[in-house]
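*Asks:* Residues in the sequence shown are numbered consecutively from 0, following numbering that gives the first Met the number 0. C-beta: ideal position from N, C-alpha, C; glycine also. Predicted, not measured: the structure shown is a model, and the values here were computed from it.
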Amino acid sequence: MEKHIKTIGILTSGGDSPGMNAAIRAVTRTARFNNINVIGIQRGYQGLIDKEFLKFTSSSVSNTIQRGGTILKTARSKEFMTPKGRKIAHENMVEAGIDALIVIGGNGSLTGAQQFAKEFDIPIIGLPGTIDNDLYGTDATIGYDSALNTIVECVDKIRDTANSHDRIFFIEVMGRDAGFLAQNSAIASGAEAAIIPESATDVDQLADFIERGKRKSKNSAIVLVSEAQKDGVGGAFYYAERVKKEYPQFDARVTILGHLQRGGTPSAYDRILASRMGYAAIEALLEGQRNIMIGIKNDEIVYVPISRAVKMNKPINQELITVLNVLSM
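#1: Rounded to the nearest angstrom, what separates Gly262 and Gln65 at their Cα positions?
#2: Just to confirm, is the Cβ distance from Ala177 to Val154 under 8 Å?
#3: Kindly indicate the opening and closing residues of the beta strand (DSSP E) around Asn162.
#4: Please go through the same chain and pick out, in chain order, the residues whose beta-carbon is closer than 8 Å to the beta-carbon of Val151, but skip the five residues on each side of it.
#5: On the three-pair Cβ rule with 8 Å, is the region 108–121 touching the region 32–42?
#6: For Ile209, which residues of its own chain have a beta-carbon under 7 Å away from its beta-carbon, when the five flanking residues on both sides are left out?
#7: Reducing DSSP to helix, strand and coil, say where Asp15 ends up.
#8: What residue range does the beta strand (DSSP E) around Lys54 cover?
#9: State the start and end residues of the unbroken alpha helix (DSSP H) segment that holds Arg275.
#10: Based on the DSSP output, what are the partners of Leu10 in its beta bridges?
#11: From what residue to what residue does the beta strand (DSSP E) around Gly174 run?
#12: With a CB to CB cut of under 8 Å and the five nearest residues on each side skipped, what residues in its chain are close to Leu319?
#13: By how many angstroms is the C-alpha of Leu326 removed from the C-alpha of Gln204?
#14: In the DSSP assignment, find the alpha helix (DSSP H) that holds Ser225 and state where it starts and stops.
#15: Distance check for Gln260 and Gln288, CA to CA, integer angstroms please.
#16: Does Gly257 pass the burial test, meaning 16 or more other C-beta atoms within 10 Å, or should it be called exposed?
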């Protein structure tokens, strides 16, 4: 290592995801095991600017592995997006004696980490904390499995009403640019279709779904839909309105799960994943690694350059689309 790391800072940024606390716990306890001091930074990058620092010990993270959300709080900082804001954040780090940073968050958070590391030559390790599962280089992100289970539980309840009233329910889930939640929750819940951004340019997904439904003579259906694009196109209401105009024989309804997907107790898988990644983050720093994201591939921990994690598109497994189409017969 170029410099012995005595103190690390840890923060959570962007949208919260179940399992973040398990990651904070693992980072803190692994650091203390290796005689590294830990400073918890509240409210993400904004906390770096406002000096919202807490000294963390092993007991600081007791009884947190089962909790959703993040004990460090989180925020989106417009100030950190400016050179002036990042300069203030770095000065505060130096003043506090923080030698390296652990950032838990999604694409935007890790993009900020990459810029920060480049400008000030800071060792930063990223942990992929996002329910969207859209970061390149890792099979799973912290919070994705928990969100998936929450969606499936909700869909199971909605299906009772869909069947009772012969209705088509368009259920909107998160994932504006990535359809992992919609596609996999559709398979897991036995839904009839998933409308995802990865297939948006291939076919008219609504027309394809309706035609398949006609052939099977189904009067009720569940369709998982990724949330609307930034230009307002897509989303559950968009497709429900199309059904009303183009297929008036069907009774279409909309349910938007929204922030239900983010909350709740993390699944066992997410607790284990976050624990492994948090441990690996400190091990990576001890090895002299910097500016990488901790990922998991084929159940093995891997190091992914942050630049690749945030710039490369993570492809959805096309076989999943075929599986859903066949099994929804």
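*Replies:* Put simply:
#1: Cα to Cα, the separation comes out at about 12 Å.
#2: Judged by beta-carbon spacing, Val154 lies beyond the 8 Å limit of Ala177, meaning their Cβ atoms are not closer than that value.
#3: Premise fails: Asn162 lies in the alpha helix (DSSP H), Tyr143 to His164, not in any beta strand (DSSP E).
#4: Same-chain partners within the cutoff: Ser184, Ala187 and Ser188.
#5: The answer is no - the region 32–42 does not touch the region 108–121, with fewer than three Cβ pairs under 8 Å.
#6: Around Ile209: Tyr246.
#7: Asp15 falls in the coil class under three-state DSSP.
#8: Secondary structure note for Lys54: its beta strand (DSSP E) is the uninterrupted segment Phe52 to Phe55.
#9: Looking at the DSSP string, the run of the alpha helix (DSSP H) that includes Arg275 is Ala267 to Leu285.
#10: Looking at the DSSP output, Leu10 shares a beta bridge with Ile40 and Val102.
#11: Run containing Gly174: none; DSSP gives neither H nor E here.
#12: Answer for Leu319: Gln182, Asn183 and Ile186, listed in chain order.
#13: Approximately 17 Å between the Cα atoms of the pair.
#14: Where Ser225 is concerned, there is no enclosing alpha helix (DSSP H), although the beta strand (DSSP E) it sits in stretches over Ala220 to Ser225.
#15: Between Gln288 and Gln260, the C-alpha separation is close to 33 Å.
#16: Gly257 is exposed by the Cβ-count criterion.
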